[in-house]
Amino acid sequence: MDQDDSKAEGKAQKAADAKDLHRAVREAGESELDRPAGALFWSGLAAGIAIHSSLIAEGALHAGLPEAPWRELVTALGYPVGFLVVILGRMQLFTESTITAMLPLVTRPSGWALQRTLRLWGIVLFANLIGTALAAGMVAGGALGNPEIRAAMIAVSAGILDLNGWQTFINAIPAGFLIAVVAWILPNGRNQAFWIILAITYVIAIAGFSHSIVGADETFLLVFTGKVTIEQAVFGLMLPAILGNLVGGAGLFTLLAHGQVQGETPDQP
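Position 17, counted from 1, in the sequence shown is what our numbering calls 17; the numbers after and before it change by one each time, with no gaps.
Structure (structure tokens):
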């Protein structure tokens, strides 16, 4: 093994250390907190539109598959598509920012860090929701997809109606946790990023966990096609999913990720 290979192997081994992962994710979060509001908004808007490709892929698969016990498992293979586009495209997704924005805050708590974290979440969430509303509106209005695929997308989206508000909140906690896991793992697995995102988001899909932005896309489609009311959409579907994702990502996973290096990182005061 030559010297360059030895250095590369050493760096790879070092990257597996929890303190280095913590620093990498925290530094990414600090960069996000410093981004201009306009940049955050347009990146979040792009992510909201791009995440719609998950529903398109699921609808296309659902429409092309026969009624069978395995139909939902295969249809769920479309779910990771939007996440692959958004995350590999470096767009701003609300649920991915739950841990990246929180680590700077919990490492060096301050009023400035809290204000910037809330600013980031507010802008990105607002932009994500606008993007999903635009994409869902185009489908509902007949501008995207043929009638068969649109009907399949509505059928796939209707699955979120099986849960009430409390159940949606509970189901959103593991989804927020798992998306935070993606953000935590990626600095140590860039070469395997495609498979990491695919595997984790596929688990979210087949387990029926509630993701706030994908769920918002489905909710807007159901609203625009007259399947649910605005009140049910906001208070029974979107808000519980947003809060659950925050608990799972910004709360539970951040607590565990930060706790394992508590007192070991020199960046703490």
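Even for Gly, the Cβ is constructed at its ideal location relative to N, Cα and C.
- Runs of the alpha helix (DSSP H) spanning 4 or more residues and lying entirely within the segment 171 to 255 occur at 193 to 207, 212 to 224, 239 to 246, in chain order.
- If you draw a straight line from the Cα of A193 to the Cα of H211, it is about 20 Å long.
- In this model, L221 and G244 are separated by some 21 Å (Cα to Cα).
- Across the structure, S110 and G165 are spaced so that their CA atoms are roughly 33 Å apart.
- Pairing G248 with F169 gives a Cβ-Cβ distance that is not under 8 Å.
- Put simply, the segment 114 to 127 touches the segment 92 to 105. At least three CB pairs are less than 8 Å apart.
- A distance below 8 Å between beta-carbons, with the five flanking residues on each side excluded, links T225 to the following residues of its chain, in chain order: A140, I154.
- For M153, the three-state secondary structure derived from DSSP is helix.
- For D20, the enclosing alpha helix (DSSP H) covers residues 18 to 34.
- Annotation for I99: the continuous alpha helix (DSSP H) segment containing it runs 97 to 107.
- Between M91 and A46 the beta-carbon gap is near 5 Å, inside 8 Å, which marks them as a contact.
- Around the beta carbon of P80, 16 or more other beta carbons lie within 10 angstroms, which makes this residue buried.
- Residue environment analysis places T107 among the buried positions, since at least 16 neighbouring C-beta atoms fall within 10 angstroms of its C-beta.
- The alpha-carbon separation between G159 and F209 amounts to approximately 11 Å.
- Beyond the five residues adjoining it in sequence on each side, A205 comes within less than 7 Å, by CB distance, of A76, Y79 in the same chain, given in chain order.
- S157 has its alpha-carbon roughly 35 Å from the corresponding atom of L105.
- Where E67 is concerned, there is no enclosing alpha helix (DSSP H), because DSSP gives it neither an H nor an E.
- For R116, the number of other beta carbons within 10 angstroms of its own is at least 16, and it is reported as buried.
- Nearest neighbour of A135 by Cα position, chosen from A216, A60, Q167, turns out to be A216.
- Rounded to the nearest whole angstrom, the CA to CA distance from A113 to E30 is 9 Å.
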